[in-house]
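111 is the number of the first residue of the sequence shown in my numbering; add one for each residue after it. Ideal Cβ placement from N, Cα and C applies to all residues, glycine included. Since the structure comes first, as structure tokens, the remarks are kept for the end.
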Amino acid sequence: MSQVAPDANPARQQLARLFSPIEKELVRVERRLRRELRSEYSRIDDLVRHAFRMGGKRLRPALVLLAAKAVGEVNRSHIVLSTVVEMIHTATLIHDDVLDEAELRRYEPTANARWDNEVSVLLGDYLFTHSFYLASTLGSTFACRTIGRTTNIVCEGELRQTRASGDLTIGEDEYFRIIDAKTAELCACCCQLGAHYAGASSEVETALADYGRQLGIAFQIADDLLDLVGDEVTVGKSLGTDLEKCKPTLPLIRLLSQVPGDSRGEVSALLGDGESSRQALAQRLAQSGAIDYARDKALQHARAARDRLTVLPDSLARETLDRLTHFVVAREL
111 MSQVAPDANP ARQQLARLFS PIEKELVRVE RRLRRELRSE YSRIDDLVRH
161 AFRMGGKRLR PALVLLAAKA VGEVNRSHIV LSTVVEMIHT ATLIHDDVLD
211 EAELRRYEPT ANARWDNEVS VLLGDYLFTH SFYLASTLGS TFACRTIGRT
261 TNIVCEGELR QTRASGDLTI GEDEYFRIID AKTAELCACC CQLGAHYAGA
311 SSEVETALAD YGRQLGIAFQ IADDLLDLVG DEVTVGKSLG TDLEKCKPTL
361 PLIRLLSQVP GDSRGEVSAL LGDGESSRQA LAQRLAQSGA IDYARDKALQ
411 HARAARDRLT VLPDSLARET LDRLTHFVVA REL
């Protein structure tokens, strides 16, 4: 499979420019991640360093830092929390790759492709437990309570999606509840933690958590679209896994809502049947307007995220949070 170096990707360069207001803080997070993701045992060290390389956009740490800067100053707690949420996110990706049988992530072989499923599951567990330990070092129970509740909701969302695989009767309401749990919840948590540990008022903390939730929903819809119509070389990960696992995503749900009952079999026959079927289904989705419908929904949630920023004073951090709402729906990675 052909690959492109991440630094050559225009979308990644755009994101790096977006994060320029927190560039120094992100460097501190990277250093902390390198320090935490090490082991004295060489065989384990290979695994955890691979997990470090799986990190890509660093969107979740950026949300913690930007929320903090939007209301106050970044402090040591924010660096620790940024490290924690990135480790949690990476753990969910490693487990996702096992479930999806994906072979490529961040332009590298996934842990399950390089080693096996047993190693990958344990590596994800290692990241989860280490992240909880790290959060506990802050000397406050707020972070542990918030992060613990969030990870429970994220895992429950993943379970709901897994149990819904192959169920073509799933509607939009259930789809949105699933992605709210499995993706948006962690984004909301990041923004809440950033605001809380910068001394934000309860009103601002709630508004930023809502911003993160709406941003996360827009992000996931865009991610589902990339799985259907994206390019693996550009995106840098295995695509078509949603179709192979017959996961109910918004474009597919929209298409099925417009297809007569006796024609649903034609659509279901295109699921889980390789790249040619992915292309055929993508064409059918585009012709039906389902792709445009899903993009419009992503834009609606991006606008809702921007609306939540009105409680913030003008700053580079607020401007960046605003610009992120455009990036997540227009991205190619």
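Check	Outcome
Residue 294, enclosing alpha helix (DSSP H) - first and last residue	No alpha helix (DSSP H) holds residue 294; DSSP gives it neither H nor E.
Contact check, residue 187 vs residue 248, beta carbons under 7 Å	yes
Three CB pairs or more closer than 8 Å across the region 293-304 and the region 322-330	yes
Beta-carbon contacts of residue 403 that lie in its chain and below 7 Å, excluding the five residues immediately before and after	364
Minimum C-alpha distance to residue 291 - residue among 202, 225, 161, 234	202
Segment contact flag, the region 176-184 with the region 420-439, C-beta cutoff 8 Å, min 3 pairs	yes
C-alpha gap between residue 172 and residue 192, whole angstroms	7 Å
Residue 330 classed as buried or exposed, judged by whether at least 16 other C-beta atoms fall within 10 angstroms	buried
Spatial neighbours of residue 285 in its chain, beta-carbon cut-off 8 Å, leaving aside the 5 residues before and after	358, 359, 360, 363
Span separating the alpha-carbon of residue 143 from that of residue 241	11 Å
Chain-order list of residues whose beta-carbon lies under 6 Å from that of residue 234 (same chain, five-residue window excluded)	201, 204, 205
Reduced DSSP secondary structure (H/G/I, E/B, other) of residue 211	coil
Residue 407 to residue 150 span [Cα, whole Å]	47 Å
Inter-residue Cα distance where the pair is residue 400 and residue 293	22 Å
For residue 434 and residue 255, the rounded distance between their alpha carbons	27 Å
Which listed residue (281, 198, 272) has its alpha carbon closest to that of residue 257	198
Neighbourhood of residue 438 by C-beta distance below 7 Å, restricted to the same chain and skipping five residues each side	325, 328, 329, 332, 412
Residue 140 - containing alpha helix (DSSP H), residue span	133-146
First through last residue of the alpha helix (DSSP H) which encompasses residue 285	282-289
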